[in-house]
Every structure is written in C-alpha cells, then in structure tokens.
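Engineer: Let me give you the structure first, and then I'll get to my questions.
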Amino acid sequence: MRGSVYAYTTKRGERRWRVVFDALPDPLTGERRQTSKRGFATKAAAEAFLRRSLEKVTAGTYTQPSRVTLAEYLAQWLDGLRKKPTTMADYRQSARVYIGPRIGGVPLQSLTPEHLDRLYRELETQGKRAGRCATAGVTCREHGCSPDRHGGLAPKTVRNVHGMLHRALQEAAERGHVPRNVASLAHPPTAKQARSHNTRDKSWDATTLARFLTHVRDDRLHAAWRLAGTTGARRGEILGMRWNDVGLDAGTVTFGRQTVTVVTGQLIWQQNGKTDAATRTVALDDQTLTVLADHRRQQHNERQRAGPAWIDDPHGPLVLTDPLGRPLRPDSFYRTFVRLTREIGAPPLDVHGLRHTYATAPVFAPRSHPKCSPNGSAIPTSASPSASTPTSDPATTDPRQPSSRPRSTRSSYAVSPHRCQGPLADRSALTSKMPG
690 MRGSVYAYTT KRGERRWRVV FDALPDPLTG ERRQTSKRGF ATKAAAEAFL
740 RRSLEKVTAG TYTQPSRVTL AEYLAQWLDG LRKKPTTMAD YRQSARVYIG
790 PRIGGVPLQS LTPEHLDRLY RELETQGKRA GRCATAGVTC REHGCSPDRH
840 GGLAPKTVRN VHGMLHRALQ EAAERGHVPR NVASLAHPPT AKQARSHNTR
890 DKSWDATTLA RFLTHVRDDR LHAAWRLAGT TGARRGEILG MRWNDVGLDA
940 GTVTFGRQTV TVVTGQLIWQ QNGKTDAATR TVALDDQTLT VLADHRRQQH
990 NERQRAGPAW IDDPHGPLVL TDPLGRPLRP DSFYRTFVRL TREIGAPPLD
1040 VHGLRHTYAT APVFAPRSHP KCSPNGSAIP TSASPSASTP TSDPATTDPR
1090 QPSSRPRSTR SSYAVSPHRC QGPLADRSAL TSKMPG
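The working numbering numbers the first residue of the sequence shown as 690 and each following residue consecutively.
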C-alpha cells in the first residue's frame, strides 16, 4: 500500500498538508482506487493520519469516506432486497415511519450505538401513531397533534425494528461501507421482554376464551373463531386454508400451505408459511371437527343459493369465504373480531392474541389420532395415514352424502407432539366450559 504527504498553500496564504494513499481496490472491477484528505495543520498530523489509514487498508477494515445518510442507505438497501411482500412492507414501514424521521439524517459512517439506543427508548415511549400522525414530534404540526398523544410501541415491535436495522448494517459492514455493525452494540428490548409483553397483555385466560366462543356460536364465521382459539393458527393461515387441507375423517387440519395477507390494500397470497416450520398438521378436538362439518354444509347451501353468482376463486376451494365465494380480507376479518369481543366486554385483543391465548391456556384435547401414542406423544413415521385429500371441490359436493374420497398413501406432515397432548391436569375441568 502506498501513500504520500504533500504541502500546499491555501488562498489565504496558509501552509497546510494533504495526504494521498491507495485505498482498497474496487470490489467489482479490481481497479486501483486512491483517496485523499487535506487540511492538516502540521506534517506530523498528516503522517499520523496516513499511518492509521494504511493500517486499516492492510487489515481490510478501511472504509471509503462517504456522506451517505442512514435513510439514503436504507432506501438503496431495500431496493436491492428480495424478501416476501409482507416482510418488505414491514421493513419499509420501519424505515419510513420509525427510523427515517428520527435518525435518518445521520451519516451512515457517523452512526453510533448511542443513536440506536435513543431511537429504541423513544419508540418505547412515543413510537405509536396517533390517528393520521405517524411520528411524534415530526408530523404533529401538520396534523394538529402533539407528542404526548403518541403511546409507546410494544417491545416486540421495537425489537423488530432493531432486527431490520441489524441486518441492514451488517450488510453495510460486509460490503465495506462502515467498519463495524454498531447495531450489535445497541440495547433493544430483550427477547424475554418481548415474549412476556405478548403473553401478559395480548392473551385471554381460558374462561374469557370460552365466553367468546359461546358468544360466536351462531356467527357465520364460527368455524374461523373456533380454529383460531383451539389450534393457535395465524390469521393468514386460517383465511388461506383450502378444503384439501382439512381431513374431517382423519381429524386433522394442515396449516401453512397457503396464506393470505394485505399489503398496501392488496391481497397477497403466498404458498408457504411464515417460517420453515409453519407448514404443520394439527389434530383437532371433536367439537371443532363438528363445527367444521357444519360450516361445510353452510357453505354448500350458500353456493346453491348464489347459483351463477358464486365465484370460484383460483386460490380455492377456500374453507372461509363470503356468501358469494370470495376470499375474506384479513383486515375486515380483524374488524369483525374486534366488534365481537366488544359485544361481550372482553379485554382488547387482536386475532393474533388468540394464538398467544392458545399457547398459555391449552384446554382443548384433540381426538385420538393414528400418529399419537396412548401416552400422548407423537409417533415418528414416514408413511402414516394423512388428512383426507378431496378430489373435487367440497363446496360443490353434497355434504350429506357419505365420503368416498381415497386416502393418501404419501408421506404426510408430522403432527406436532404438543398437539398430541390433552389439557394439563390442573386445567382439565375447564374443558367442560367450552361450547360445541
């Protein structure tokens, strides 16, 4: 590595020193790159800077000086990223609403762990939207708002913002834009704090869940509420479920083969789950199976009444539709759930809260299943009976007729060992409260 120190005279006639040295080659072309810095008052100061810079170049930790801000870098990074539409929407919202207005103007190479710590603490206290006002203290004036009207984000949300920043800054470090990932030294909410908040503030007890399921017994979407409360499935998994994912004879349902969500007002369908383990087969309790069978008959009758107006959605045959066969929108589904919870005066909860409720109050016992041993554990097998797979649209088949569908002989997804287990002994009495 080569470098030199030169003297020069400013317009005011002052003597100053300038440093020129070889930086790391261009990563794409391998061409030589030189960089310089001027303005040193003494030759000794210039030589000291040159030594430090050449040491960094030799160690591979030197970064080319840049005035690119954090917001500019995140915009470029997001434009080159390929992730699921839902993930991209979350990342862009974090950059636009949470990060950009607060620390987006900080030069990327000047970003410190302290910048991120202040960001996280502010999000914990004033990170929420207040109506149309997105960012406390930034967009308040144009919306006639004030910072004290903004509540704090949940620890899980703040941790998600940190996760996005950590990934973006890690790639910046690996590509030589910054010398290190400062997010690794920051202090976001811990995973334990995020989990405890979700469990404490975003779930019901078994009694409230039983009261809710009793209240919705006559609701058109009773099957959806029952599945959410007794299987822990995600909203997008339930609304994307097809009839060939349901095995009424086998007593199982498979989630995660297809999901649906809303991104910028549009329905987005995905043929895989949120995580690698999201595609799973769950054993159902007898009452939930009865509710699903009743729902199938209801859908068949709706199709008969609709006649030519019925819509065969290309993502179907869907288990849950509107009376004309159209998919249910996740946002409308959420609003319906909120209305139903308010009707019984239950603590505020979103649909995902039923997933947390299911994890903390497992009071439903699935019926005996061929993959479950008598002691409740899962039996590992590569070729065990799977959920029945209908060869025709169940919505067009008369549900009163006996099923003649062939059983699949291929390997099936394993039933979760946890779902092979019944209710905990000290909670077994709660099952008597559960409606059919």
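Cβ coordinates follow ideal geometry from the N, Cα and C atoms, glycine included.
1) Where does Gln955 land, buried or exposed, given buried means 16+ other C-beta within 10 angstroms?
2) Compute the Euclidean distance between the alpha carbons of Arg818 and Ala784, then round it to the nearest angstrom.
3) Could you give the distance in angstroms between the alpha-carbon of Pro844 and the alpha-carbon of Glu813?
4) Give the secondary structure of Cys829 by DSSP, where H, G and I count as helix, E and B as strand, and everything else as coil.
5) Taking the Cβ atom as the reference point for each residue, do Leu759 and Gly793 lie within a distance shorter than 7 Å?
6) Take Leu1029 as the anchor and find which of Lys732, Tyr787 and Val905 has the nearest alpha-carbon.
7) Can you have a look at Tyr762 and say buried or exposed, based on whether 16 or more other CB atoms are within 10 angstroms of its CB?
8) Mind pulling the alpha helix (DSSP H) runs of 4 or more residues that sit fully within the region 877-954?
9) Can you find the residues in the same chain that come closer than 7 Å, C-beta to C-beta, to Pro1019, ignoring five residues on each side of it along the sequence?
10) Taking just the CA atoms, how far does Leu874 sit from Gln859?
11) Could you work out which residue in Arg727, Tyr1047, Arg701 and Arg705 is closest to Ala899 when comparing CA atoms only?
12) May I ask you to report which of helix, strand or coil DSSP gives Gly996?
13) If Thr903 sits next to Thr943, beta carbons under 8 Å apart, how far is it from one beta carbon to the other, in whole angstroms?
14) Would you tell me roughly how many angstroms separate the C-alpha atoms of Gly840 and Thr953, rounded to the nearest one?
15) In angstroms with no decimal places, state the Cα-to-Cα distance between Gln798 and Thr752.
16) Taking the beta carbon of Pro1036 as the centre, do at least 16 other beta carbons fall within 10 Å, making it buried, or is it exposed?
17) For Thr968 versus Arg946, is the C-beta spacing smaller than 7 Å?
18) Would you say the region 817-835 touches the region 853-868, given that touching needs at least three Cβ pairs under 8 Å?
19) From the beta carbon of Thr1010, is the nearest beta carbon of chain B less than 7 Å away?
20) In terms of residue numbering, what span does the alpha helix (DSSP H) encompassing Gln859 cover?
21) Where do the ends of the beta strand (DSSP E) carrying Val867 lie?
22) What separation, rounded to the nearest whole angstrom, lies between the Cα atoms of Phe901 and Lys881?
23) Identify whether Val757 lies in helix, strand or coil by the three-state DSSP scheme.
24) Alpha carbon to alpha carbon, how far is Cys1061 from Thr941?
25) Just verifying my parser: in three-state terms, what is the DSSP assignment at Ile792?
26) Do the region 724-739 and the region 763-773 touch if we need at least three Cβ pairs shorter than 8 Å?
27) Within 10 Å of its beta-carbon, does Tyr787 have 16 or more other beta-carbons around it, so buried, or fewer, so exposed?
28) Suppose contacts are defined by Cβ-Cβ distances below 7 Å. Is Arg705 in contact with Tyr695 by that definition?
29) How many Å lie between Pro868 and Pro796 at the Cα?
30) As a quick exercise: from Pro997, Pro1016 and Ala998, pick the residue whose alpha carbon is nearest that of Pro1006.
31) Look at the alpha carbon of Glu803 and the alpha carbon of Ala748, and state the distance between them as a whole number of angstroms.
32) Below 7 Å between beta carbons: does that hold for Gly1014 and Ile1000?
33) Helix, strand or coil: which one does DSSP assign to Ala734?
34) Between Trp932 and Val1008, is the Cβ-Cβ spacing less than 7 Å?
35) Need the endpoints of the beta strand (DSSP E) that Arg727 sits in, please.
36) Starting from Thr1046 and walking both ways along the alpha helix (DSSP H), at which residues does that stretch end?
Structural biologist: Looking at the atomic coordinates:
1) exposed
2) 15 Å
3) 7 Å
4) helix
5) yes
6) Val905
7) buried
8) 880-890, 895-904, 911-920 and 924-928
9) Arg924, Gly925, Leu928, Val949, Thr950 and Val951
10) 12 Å
11) Tyr1047
12) helix
13) Contact doesn't hold; Cβ gap of about 28 Å is too wide.
14) 24 Å
15) 9 Å
16) exposed
17) yes
18) no
19) Included in the structure is just one protein chain, with no chain B present.
20) Pro844 to Glu863
21) Counting along the chain, Val867 falls outside any beta strand (DSSP E), and DSSP gives it neither H nor E.
22) 29 Å
23) coil
24) Confidence at Cys1061 is low in this model, with a pLDDT of 42, below 50, so its placement is unreliable and no value can be given for it.
25) helix
26) no
27) buried
28) no
29) 14 Å
30) Pro1016
31) 26 Å
32) yes
33) helix
34) yes
35) Gln723 to Phe729
36) Val1040 to Thr1049
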